[in-house]
Structure formats: structure tokens, C-alpha cells
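Visitor:
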Amino acid sequence: MLKIDHLSKRYGETLAVNDLDFEVTPGVVTGFLGPNGSGKSTTMRVIIGLDHPTQGRTTIDGKTYDQLKAPLREVGALLDAKALDPSRSARNHLRALAMANRIPLSRVDEVLEFVGVASVANKRVGGFSLGMSQRLGIAGALLGDPGILLFDEPVNGLDPEGIRWIRDFFRSLAKEGRTVFVSSHLMSEMAVSADQIIVIGRGKFITSGTVDELTATATGTVYVRCADATRLTEVLGRLQGVCEPVNDNGVSVSGLSSDQIGEAAMAAGIAVHELTPQRASLEDVFMSLTADSLEYGHREAGVTP
Amino acid sequence: MKVAPTLADTTRSEFLKFRTVRATFIGLATFVVLTIGLAVLITLVIKSNWSQRPLAEKLAFDPVATSLAGVFFAQFAVGVMGARFITSEYASGAIRTTLAAVPRRVHLVLAKAIVLLITFLIASEVVVFIAFVTGQAIYKSGHLPSMSLADGTVLRAVIMAGVYLTLLTLIGFGLGLLLRTTSTTISVYVTVLLIIPIIVNFLPSSWQDHITKFLPSDLGASMLSPTSSTRSFAWVTASVVLALYTAAIVAIGTVTLVRRDA
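Going line by line, the protein sequences match chains A and B.
The opening position of the first sequence corresponds to residue 7 in my numbering, with each subsequent residue numbered one higher.
The opening position of the second sequence corresponds to residue 847 in my numbering, with each subsequent residue numbered one higher.
As C-alpha cells, this is what we get:
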């Protein structure tokens, strides 16, 4: 069980992670979602012992990472695919990792074969494309056959075929009962690849749940096209509905259901030509959840300081 | 339950890393060529103008130290290699992969230090013995005074020349742990070995007598000279002082590595 226990991490003036507290359950793919700079990578760096927490801790089955005797046999992580010596071959890179953790060297060729880089195993990794480096990084994460896997923005640099491969791969890892924790700043990616999603912004926990649960929390809008949009706006305004003009005779209504809108329009004698409930997309949910926690937002766009 | 890895496993892993990059072999080749090549060059020059030398100079001639003079150039090659064994990991980012595999950072330092110690002790001893034997052969061919390894103090001087280079490799490594970037580490290393002696040279001579003998290069000179001078330490003391410097720098570097974020 991977546990983030009231974790805070400060770099100088910046509080990168602010009291994060959650558990990542085995058997499902857990998405770790947040805008760039929200503290996802920092959290992952603390999990694998690279950075020291300012407060709190992260544990793997109750132990901190540096208490693990053979960490690669318990946690496999791909944080930065380019974090390796460019002049060493892929095979030697993995052999060094295997030796340090007493993993049989036969496992090196197995994982190279599995991720599809066996044909370039003896080439210097400096010449690898980002996609190939990602695959090698995945091979490194799988080397010790660990129960917990961490991936930081894994789809970056992958071609569409690779993205599809990696999604299926995460599912199969989770099906084997492993903990799969995947970060991304792309809601659309998480929507298709994760079962469970944890949303953070500015280092703080925002919400968590399944994709369906997250979309259900957001109230949708209703698109109404009618003969007199101005009067309808007036009528619905009295019922606390908020109308935003979409086109000449169409408005987008929030705060009221389509039933309420239809009845109010009939009572006021306004002919309704179209009444369509719009379900909030996961993207909208994400935008509204993190709107006030964007590190580098667009809120001040157009404002000249 | 599978067996937990030990320091021996970490050391094997680091040794594999050491020998699977081309820079290691380029560095070792540079080191060998510098030490032996300079021994050949210096002894040949001395041999060719021996007859023009005044008698006093001939009497003060040290055939051992002159044949080992390449050591004071090679010390830069080995220091850079020692430093790069850790700084190159910071440059590429590979240190993060390394620390994820070996979170016990003291183990990592010990493993890397063992690899450097073994490799450079063997390489340095081989190189200084070749340099010495070649130099003496050149002196002998010109009928200059020459020394034999059968002489105990001579044997000791040659062995200590190799020890000196090994310790300097580890000093480079320790500075690398502390400073993390190759360029800064090399700057500091060169400052300690070359610039500080120049500055000390400008101090009043009464001060110099007390300070000079503590400088690494002077400690080295004491270690690889068969004779001893009153102004410097005896070879045993010099070796101990240099070993203490090395231990202190590596220890400070280790504490830095353990405390800081990777």
C-alpha cells in the first residue's frame, strides 16, 4: 500500500506540496491530476526518496523508501526518461540497476524484449528518441517486478500507437493486482486511462473519485433556443437561473434543470424551439476545480501591469 | 523472500557503471600516457644535457623524484576522473535513477569510493613502476646516477607515488560529491593544487615554512622522495595528513549528499 501521509514540501519560498494525505489502492489505475507546477512530480520525488519531505512522509507498506532493502523489487518508477548516462548502452544501464538490487541479470533481457527495445539494447542511450527512452524507462521500472509502479507524465513523447500500448499496459498491471499511480496534467488522458483520479492544485488536495463521480459533481448547463431570448433571461433570472447568450436567439442556462426551464417558458408564453441539457465534460470539471489554483493561469490575460 | 542486496552488490553495480562508459578508458589512457610519457621526456632531457650541469647540481640530483615527476601532471587527470564519477551523474540526471536504486546514500558513496580506490591503486602503481623503471633505464644508458628498486627507500617512494595519485582521485571524488558540477569541481581542485601554492609563495618566509608542508603537492613530494628534507614532513606523516584530508573531504561530501535533495 502506497500512502501519502500529511506530506508537505517546501523549496525555499515555494510550498510545492501542502499537506497531501491519501492512499493509492492496488488493483486499479490511479490518476494523479493537476496543472503544471501543482506538485505532482514533487510528490513522486518524495515517494522514491529523492527529495526529503518538509513535513509528513510517504510510505510503502509502512516503510519509507530509504528503509527498503531492495527498492526496485518493491517500487518501479519512471519519473524522467532522460535521467540516465547517455554514453552507456541500454543493456548495461539495466544491468547496473539489476546488480544493485540483486535482480537476476536474465530479467534485463526479458524487460528489454517486453518493451520492444531489445534490438537496440547494445546502443548508447544518448542516441535514443524520447519515445525509446520512455520505453527503456518502463523497462527499468518493471525490472524488479514491483508491486507498486509510478509514472510521471508517461505519455509525453509517445506516438499514438505508443500511447495506446501504454494505456493497455497500465490496465494489465492493475489487473495483476499492482498499484499503478500515473500523473498527468491532461484530463482527457486521465479520463481514458485511469479508474480512480486524485486531483491536486497548488500542492493541495482538491478532490478524488472515479471519472463518473467527478463529472457528476459538476452541474451541467442547458442550451435553450427560443423566440424571445431577452424575455426568457428575465423570467429565468427570477428563478435564480443564470443565462449566458450563445447566439442571437439561444442562451446557455445554468442553475436550473431542463424541466424547470420548459415549464417557466410555457408559463411565460415563450415558444421554445430547442431545449438541450449539456453534460459537463471531465475537462470542464477539471477547469472549474483548478481554476483558482493555476500556478501560471490566464486569469490576468489582457491586463497590462 | 529473496536475499537483500549488500554493499558488495552496490559496488559491483558501480564497477559495471565505471567500466561501461568510454570516458573511463579515455581518462585512464590520458593518465598512463601523461605519467609514463613525461617520465621518458624528462629523463631524456636530463640525460642529454647532463654533461653541461655544474657539479653542485649533479650532486643534488634525485633520480627517483625526476623519473616520477609525471605524477604532478597526472594528478589532474586522476582528480578529474574521480570527480566525474559523480558529477557526470548530476550532469545527465542519472543520479536520480541511481539514488532510486540505492536509496542508502552512504552505501552509494562507499561503493563508488571502493571502485575508485581499487581501480586507481592498481592503475597508479602499474604506471609509476613503469615510469620509474623506464626513467632509470634511460639514466643508466647515459651513465647518470640511477637507483634500483632493491633499495628499500626507493621501493617505498615509488609505491607512495601510486598511493598519492589514488588519494588525489578520491579527493576529486569528494569535491565532486560536495560541488556536483564538473566545472566547479575542477576549478576548486586546480585551485587547491596549483593556485594556493602560488599564493603561499607571496607570504613571509617564516609563515611559508609552516604552511607549505601542509599543501597537497608538498605532501606528495615528501611521499615520493627517498630522502627527507627538514622543511617538509617525513613520508609517513605526509601520507597520514593527505589521507586525513581525503577522508575529511569525502565525509563532508557524503553528509552533503545525504542531506540535500537529489
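We put the beta carbon where it would ideally sit given N, CA and C, even for glycine.
Going by Cα to Cα distance, which pick from B/M1006, B/M927, B/L901, B/V849 is closest to B/L1088?
Guide: Within the second sequence, residue 1088 of chain B is the residue found at index 242, counting from 1. Cα-wise, what sits closest to B/L1088 is B/M1006.
Visitor: Can you tell me where the beta strand (DSSP E) holding A/F38 begins and where it ends?
Guide: Along the first sequence, one-based indexing puts residue 38 of chain A at 32. Looking at the DSSP string, the run of the beta strand (DSSP E) that includes A/F38 is 35-39.
Visitor: Please state if the CB of A/G143 and the CB of A/A87 are separated by a distance shorter than 9 Å.
Guide: Locating residue 87 of chain A in the first sequence gives position 81, counting from the first residue. Locating residue 143 of chain A in the first sequence gives position 137, counting from the first residue. Cβ distance < 9 Å, so A/A87 and A/G143 count as in contact.
Visitor: Please name the residues in the stretch 44-59 of chain A whose beta-carbon is closer than 8 Å to at least one beta-carbon of chain B, in chain order.
Guide: Under the 8 Å Cβ criterion, the stretch 44-59 of chain A contributes R51, I54, G55, L56, D57, H58.
Visitor: Using a Cβ-Cβ cutoff of less than 7 Å, which residues in the same chain neighbour A/G303 once the five nearest sequence positions on both sides are dropped?
Guide: Mapped onto the first sequence, residue 303 of chain A falls at position 297. Note that A/G303 scores 48 on pLDDT, short of 50, meaning its location in the model is unreliable and no value can be drawn from it.
Visitor: Could you work out which residues of chain B lie near A/K69, taking near to mean beta carbons separated by less than 8 Å?
Guide: Your numbering for residue 69 of chain A matches position 63 in the first sequence. Under the 8 Å cutoff, chain B gives no residues; its nearest Cβ is about 11 Å from A/K69.
Visitor: Check whether the Cβ of A/R94 lies closer than 9 Å to any Cβ atom in chain B.
Guide: Position 88 of the first sequence, counted from the start, is the residue given in the question as residue 94 of chain A. So, interface residue.
Visitor: Across which residues does DSSP place A/K181 in a beta bridge pair?
Guide: Here residue 181 of chain A refers to the residue found at position 175 of the first sequence. Partner(s): none; A/K181 has no beta bridge.
Visitor: Going along the chain, which residues of its own chain have a beta-carbon closer than 6 Å to the beta-carbon of A/A307, five neighbours each way excluded?
Guide: Sequence index remark: in the first sequence, residue 307 of chain A carries index 301 (1-based). Low local confidence applies: a pLDDT of 41 at A/A307 is under 50, so the model's placement there is unreliable, and no value is given.
Visitor: Can you list, in chain order, the residues of its chain with a C-beta nearer than 7 Å to that of B/L1040? Leave out the 5 residues immediately preceding and following it.
Guide: In the second sequence, residue 1040 of chain B corresponds to position 194, counting from 1. Taken in chain order, the list of residues that qualify is empty.
Visitor: For B/D855, count neighbouring Cβ atoms within 10 angstroms of its own Cβ and tell me buried if that reaches 16, exposed if not.
Guide: Working through the second sequence from its first residue, we reach residue 855 of chain B at position 9. Buried is the call here.
Visitor: Interface residues of chain A around B/G939 at Cβ under 8 Å?
Guide: Sequence index remark: in the second sequence, residue 939 of chain B carries index 93 (1-based). What B/G939 touches in chain A: D86, K88, A89, L90.
Visitor: Just to make sure I have the definition right: I need the residues of chain B whose C-beta is within less than 7 Å of the C-beta of A/M105. Which are they?
Guide: The count along the first sequence starts at 1 and reaches residue 105 of chain A at position 99. Near A/M105 (Cβ distances below 7 Å), the residues of chain B are D855, R858, S859, L862.
Visitor: For my contact list, A/F211 and A/F28 are in at a C-beta cut-off of 8 Å; report their separation, rounded to the angstrom.
Guide: In the first sequence, residue 211 of chain A corresponds to position 205, counting from 1. In the first sequence, residue 28 of chain A corresponds to position 22, counting from 1. Yes, they are in contact, since the Cβ atoms of A/F211 and A/F28 sit about 7 Å apart, within 8 Å.
Visitor: So which of A/F176, A/L164, A/R170 has the shortest CA-CA distance to A/L155?
Guide: As a first step, residue 155 of chain A is located in the first sequence; it is residue number 149 there, counting from the start. Answer by Cα proximity: A/F176.
Visitor: Kindly indicate which three-state DSSP category B/R899 falls into: helix, strand or coil?
Guide: Indexing the second sequence from 1 puts residue 899 of chain B at position 53. B/R899: coil per DSSP, three-state reduction.
Visitor: Taking the beta strand (DSSP E) that A/P283 belongs to, which residues open and close that run?
Guide: Within the first sequence, numbered from 1, the residue matching residue 283 of chain A stands at position 277. Counting along the chain, the beta strand (DSSP E) containing A/P283 begins and ends at 278-284.
Visitor: B/G1022 and B/G873 - do their beta-carbons sit closer together than 9 Å?
Guide: On the second sequence, residue 873 of chain B is found 27 positions in, with the first residue counted as 1. On the second sequence, residue 1022 of chain B is found 176 positions in, with the first residue counted as 1. No.
Visitor: According to DSSP, simplified to helix, strand and coil, what is B/L1049?
Guide: Your numbering for residue 1049 of chain B matches position 203 in the second sequence. Here B/L1049 sits in coil by DSSP.
Visitor: May I have the straight-line CA-CA distance separating A/P160 from B/M1069, to the nearest angstrom?
Guide: Walking along the first sequence from the start, residue 160 of chain A turns up at place 154. Walking along the second sequence from the start, residue 1069 of chain B turns up at place 223. Taking the straight line from one Cα to the other gives about 55 Å.
Visitor: Which residues of chain A have a Cβ atom closer than 9 Å to the Cβ of B/L945, listed in chain order?
Guide: Looking up residue 945 of chain B in the second sequence gives position 99. Near B/L945 (Cβ distances below 9 Å), the residues of chain A are I54, G55, L56.
Visitor: In angstroms, rounded to a whole number, what distance separates the CA positions of B/S992 and A/Y71?
Guide: Residue 992 of chain B sits at position 146 when you count from the first residue of the second sequence. Residue 71 of chain A sits at position 65 when you count from the first residue of the first sequence. Each residue's Cα considered, the two are about 60 Å apart.
Visitor: According to DSSP, simplified to helix, strand and coil, what is B/G916?
Guide: Taking the second sequence and counting its residues from 1, the one referred to as residue 916 of chain B is at position 70. Here B/G916 sits in coil by DSSP.
Visitor: Does the beta-carbon distance from B/F966 to B/T1015 come in below 9 Å?
Guide: Position 120 of the second sequence, counted from the first residue, corresponds to residue 966 of chain B. Position 169 of the second sequence, counted from the first residue, corresponds to residue 1015 of chain B. Yes, the pair counts as a contact, with Cβ atoms nearer than the cut-off.
Visitor: Once DSSP output is grouped into helix, strand and coil, what is the label at B/G981?
Guide: As a position in the second sequence, residue 981 of chain B is number 135, starting the count at 1. Note: B/G981 maps to helix in three-state DSSP.
Visitor: Roughly how many angstroms lie between the CA atoms of A/I276 and A/D234, to the nearest whole one?
Guide: Your numbering for residue 276 of chain A matches position 270 in the first sequence. Your numbering for residue 234 of chain A matches position 228 in the first sequence. Cα-Cα distance, rounded: 7 Å.
Visitor: For the alpha helix (DSSP H) containing B/P1062, name the first residue and the last one.
Guide: Translated into the one-based positions of the second sequence, residue 1062 of chain B becomes position 216. 1062-1069 is the span of the alpha helix (DSSP H), which, as asked, contains B/P1062.
Visitor: Less than 9 Å between the beta carbons of A/R141 and A/V121, yes or no?
Guide: On the first sequence, residue 141 of chain A is found 135 positions in, with the first residue counted as 1. On the first sequence, residue 121 of chain A is found 115 positions in, with the first residue counted as 1. Cβ atoms of A/R141 and A/V121: closer than 9 Å.
Visitor: Taking B/L990 as the reference, which of B/L890, B/I882, B/L962 has the closest Cα?
Guide: Residue 990 of chain B sits at position 144 when you count from the first residue of the second sequence. With distances taken between Cα atoms, B/L990 lies closest to B/L890.
Visitor: Less than 9 Å between CB atoms is the rule here; does A/K75 satisfy it with respect to chain B?
Guide: For the purposes of this step, residue 75 of chain A is taken as residue 69 along the first sequence, with counting starting at 1. Yes, its Cβ sits closer than 9 Å to a Cβ of chain B.
Visitor: Is B/T1108 near B/R942, with beta carbons less than 9 Å apart?
Guide: On the second sequence, position 262 is the one that residue 1108 of chain B refers to. On the second sequence, position 96 is the one that residue 942 of chain B refers to. Here the sequence assigns Ala to residue 1108 of chain B, which means Thr is not the residue at that position. Against a cut-off of 9 Å, the Cβ pair of B/R942 and B/A1108 comes out as a contact.
Visitor: In chain A, what lies closer than 7 Å to B/T1015 by C-beta?
Guide: The residue labelled residue 1015 of chain B in the question sits at position 169 within the second sequence. Going along chain A, no residue has its Cβ under 7 Å from B/T1015, so there is no contact; the nearest lies around 19 Å.
Visitor: Below 8 Å on the Cβ atoms is my guess for A/L1 versus A/T49; work out the distance and round it to an integer in Å.
Guide: The question about residue 1 of chain A has no answer, for chain A in this structure spans 7 to 311.
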